[in-house]
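Count the sequence shown with numbering that gives the first Met the number 0 and you get residues 0 to 48, in order.
Don't be surprised by glycine CBs; every beta carbon is placed ideally from N, CA and C.
Computed from a prediction, not measured in an experiment: that's the story for all the values here.
Please read the structure below before turning to the comments.
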Amino acid sequence: MGNAMNRSTRSRELQFAVLSKELKPVAERVLDRYEQALSKLNKTQPAKR
């Protein structure tokens, strides 16, 4: 039984690795856009610190 659990966990990790490899450029693009929007906001608004 422990072996079956091990196998399913391994396949899940493999799926996650493939997913993260595919999603990485997308996530980086989203982060890039988010940071650009943040910097625009910071330029238009006085910093509240």
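In this structure, DSSP gives Q35 a helical state, which the three-state scheme calls helix. Between the C-alpha atoms of R28 and Q35 there is a straight-line separation of about 11 Å. Inter-residue distance for L30 and P24 is about 10 Å (C-alpha atoms, whole angstroms). In the displayed model, Q44 falls within coil according to three-state DSSP, outside both helix and strand.
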